[in-house]
Amino acid sequence: MRTIRTRGLLLALSLLFMQAHADSDPDREQGKRIFDGSCARCHGFEGFGGIGPGLHRSDIVKSGNEARFARLIREGVPDRGMPPTPGLGERELAGLMAYVRGLAASSAAASATPVARRPVNVSYQRLLAADETPSDWLTYSGAYHSQRFSRLEQINKGNVARLRPEWTFQARRGGLIETSPIVADGVMFITEPPSTVTALDVRTGRELWSWTPEMPKEVWVPSLFPVNRGVAVLDDMVFVGTLDGHMVGLDAATGEVRWKVAVGDNKLGYGFTAAPLALDGKIITGVAGAEAGIRGFIDAYDPKTGERLWRTYTVPAPGEPGSETWGDNDAWKTGGGSSWLTGSYDPELNLLYWPTGNPAPDYNGDDRPGDNLYTCALLALDPSTGEIKWHFQFTPHDTHDWDANEIPVLFDAEIDGKPRKLVAQANRNAFYYVLDRETGEFISGTPYARQNWAEGLDERGRPIVIPGLEPSEAGVLVYPHWAGAANWHSPAYSPLTGLFYQNTREMGSYFFKGDNRYVPGKMFEGGSFRPVSEEAYGAVRALDALSGKLKWEYRIPSPPLAGLLATAGGLVFGGMNENTFFALDADTGELLWEYNVGGAVRANPISYAVDGKQYVMISAGTTFFAFALP
-5 MRTIRTRGLL
5 LALSLLFMQA
15 HADSDPDREQ
25 GKRIFDGSCA
35 RCHGFEGFGG
45 IGPGLHRSDI
55 VKSGNEARFA
65 RLIREGVPDR
75 GMPPTPGLGE
85 RELAGLMAYV
95 RGLAASSAAA
105 SATPVARRPV
115 NVSYQRLLAA
125 DETPSDWLTY
135 SGAYHSQRFS
145 RLEQINKGNV
155 ARLRPEWTFQ
165 ARRGGLIETS
175 PIVADGVMFI
185 TEPPSTVTAL
195 DVRTGRELWS
205 WTPEMPKEVW
215 VPSLFPVNRG
225 VAVLDDMVFV
235 GTLDGHMVGL
245 DAATGEVRWK
255 VAVGDNKLGY
265 GFTAAPLALD
275 GKIITGVAGA
285 EAGIRGFIDA
295 YDPKTGERLW
305 RTYTVPAPGE
315 PGSETWGDND
325 AWKTGGGSSW
335 LTGSYDPELN
345 LLYWPTGNPA
355 PDYNGDDRPG
365 DNLYTCALLA
375 LDPSTGEIKW
385 HFQFTPHDTH
395 DWDANEIPVL
405 FDAEIDGKPR
415 KLVAQANRNA
425 FYYVLDRETG
435 EFISGTPYAR
445 QNWAEGLDER
455 GRPIVIPGLE
465 PSEAGVLVYP
475 HWAGAANWHS
485 PAYSPLTGLF
495 YQNTREMGSY
505 FFKGDNRYVP
515 GKMFEGGSFR
525 PVSEEAYGAV
535 RALDALSGKL
545 KWEYRIPSPP
555 LAGLLATAGG
565 LVFGGMNENT
575 FFALDADTGE
585 LLWEYNVGGA
595 VRANPISYAV
605 DGKQYVMISA
615 GTTFFAFALP
């Protein structure tokens, strides 16, 4: 009864409050003065573009519930940085509320305005020369070599301590934000979960347009995470893969759909989480869904029409090269090998380097005897045809879910006095590999994190597996954890230091073998795992890019899923689960700056410049932050 009476009293007070405000004549000018003096420093003078959420996105502001809105202003949200304002008089409060509602309406209208005035045109020649225009960030990893290195140096070791947020953008909905923005011609393209594409003004964070695909009510979520890691740009278009298995080409100026094609049956587990890669006349992407027992593939699409130009399956059919590594059964039909991360490209060799994922089922290999090509591998493809030119398999017959879906980084170096074209990867299985990217020849391999499953690598780079560590019914403790010593989050390479930087995960798991029956559209893991978290931690590790030898490390509290960015300013930017974005000295690993971003960092940082000012961008929680010097 007490609850009923309280609710009734609140309702009566709310009605009286609303009537009082309806009868009053709010002083909007006074409200503007209060807002500019007390609110704009967080929310922005136009209601968006500050470090607080945009007002046109606020459900409370838009709801029409005057009592709730007034209570928000009076009491604030102290744990989110919004202070209370108990000293406001009734007329001041009414004026502020009226002004904020008008501001929210105008900013919402502005954000919905078509932006044909913001043309974007990124030619293939611009993509080839991405290193020469560091003010833009034109591909998922910054350039085709995937070094995630910015040649901007305005922000450097001497001034990074002064870095501060210039603007923020609040995502529409919750979920994991793992996107890596693209910046071109003054526009930033981001994705919000599960598959929304949004264009922002790079100076202010103001929304220019946004596109959200229509999806079925029930979507099979590939790999269990409803995320999208970004877009590709080519000419005047933006390209994105959707969670329900479509590839889409959008007008870069307006967000209008130019074409949309179904790629795989989402009811069977097919979907997209990776950012595509734009080449000359082709959009390349890989599919997700191995945990549902799909047959993985890598596709190329015509950017103008959406026509599929070629498809390369990562699990060969009987009679195709590599099919002998699957046994004499139908395991290849549900063999996994999804390729849910963006690859790299060498235009001189005209080779595309694309990583592949684990075989299916994950933890039970009884029905797939053999190495299970081309899972857990790096493929070198002819981008004209999709033909596999060479392959290197990191973990043959994987039963620990150790995808090779980690970024392949291209760099050149001398070995024994001779110049070599190399590709490096910090693999999920805890080994760091260097290969010749012309031939696939194994150069070196070194553990960079704790592992107990292999004695080492032989002269060909094949692991020397320790017996008895396959998943079992009783469970077996193996390092690294099922999510690996590395995962999708990007490493960085600095040509200035010659170091490869990896945000490393230190953790183990008990692996359990289970039922391996395949049921279409259902989980097909063949077992389970239990993480060992007591001694888990993370570390940014700087490795000699050629040898893999550890040069320094910066330890963080828990295993990360945040990428890194190296810059010509001598910095390495990174993030952690503990709500922190930070900058390290690229030579020593010394912490130079950190900022509490209020949410876990689960994305890759980028850097860009506009009007002579360098920015560093990261997302944390559901918020995008653009940092710059004062």
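According to the numbering used here, the sequence shown is numbered sequentially starting from -5.
Ideal placement from N, C-alpha and C gives every residue a C-beta, glycine not left out.
Nearest C-alpha to W326 among G300, W334, P355 and Y347: P355. In this structure the region 563 to 574 lies against the region 150 to 158, because at least three pairs of beta carbons, one per stretch, are closer than 8 Å. Residue pairing by DSSP places S522 opposite F506 in a beta bridge.
If you look at E318, you'll find it isn't in any alpha helix (DSSP H); DSSP assigns it neither H nor E. The beta carbons of G583 and E528 sit about 25 Å from each other, so the pair does not count as a contact at 8 Å. G364 is not a Cβ neighbour of H394, given a cutoff of 9 Å.
Judged by their CB atoms, F183 and A92 are not nearer to each other than the 9 Å cut-off. Between the region 123 to 143 and the region 586 to 605 there are three or more C-beta pairs closer than 8 Å, enough to call the two in contact. For A533, same chain residues with a beta-carbon under 6 Å away, outside a window of 5 residues either side, are T498, E547 and R549 in chain order.
Between F405 and A580, the CB-CB gap reaches or exceeds 9 Å.
Residue pairing for Q445: DSSP places it in no beta bridge.
The Cβ atoms of I458 and E467 lie no closer than 9 Å to each other. For L66, the enclosing alpha helix (DSSP H) starts and ends at E60 to E69.
In this structure I409 is exposed. Its beta-carbon is surrounded by fewer than 16 other beta-carbon atoms within 10 angstroms.
Contact annotation, V55 with V94: C-beta distance approximately 6 Å; criterion of less than 8 Å satisfied.
For L170, there is no enclosing alpha helix (DSSP H), since its DSSP letter is neither H nor E. With contacts defined by Cβ atoms closer than 9 Å, P349 and N366 do not form a contacting pair.
Following the DSSP letters along the chain, one finds K415 inside the beta strand (DSSP E) bounded by residues K412 to A420. The alpha-carbon separation between R27 and T198 amounts to approximately 22 Å.
Proximity of the region 608 to 623 to the region 153 to 172 meets the contact definition, three or more beta-carbon pairs being nearer than 8 Å.
Contact between Y339 and L273 holds: CB atoms are separated by about 6 Å, below the 8 Å threshold. Per DSSP, the continuous alpha helix (DSSP H) segment holding G25 begins and ends at R22 to I28. Counting along the chain, no beta strand (DSSP E) covers L122; the unbroken alpha helix (DSSP H) around it starts and ends at Y118 to L122. Here DSSP, grouped into helix, strand and coil, assigns R305 to strand. Here M241 is bridged, per DSSP, to G235 and V255.
For P353, the beta-bridge partners assigned by DSSP are G330. Closest by C-alpha distance to F518, out of G359, Y473, T173 and A398, is G359. The region 328 to 337 and the region 273 to 288 touch, with no fewer than 3 CB-CB distances between them shorter than 8 Å. The beta carbons of G169 and V221 sit closer together than 9 Å.
The shortest CA-to-CA distance from P554 to any of W587, M501 and S541 is the one to M501. D293 counts as buried, since no fewer than 16 other beta carbons sit within 10 angstroms of its beta carbon.
No residue range can be given for N366, since it is assigned to no beta strand (DSSP E) and is classified by DSSP as neither H nor E. Within the same chain, Cβ atoms closer than 6 Å to the Cβ of K415 are found at D406, R431 and E432, the five residues on either side in sequence being excluded.
Contact between the region 297 to 307 and the region 189 to 197 is absent: fewer than 3 CB-CB pairs across the two stretches fall below 8 Å. Comparing alpha carbon positions, the residue from E400, G469 and C370 closest to F505 is G469. S601 carries a strand assignment under DSSP once its states are collapsed to helix, strand and coil.
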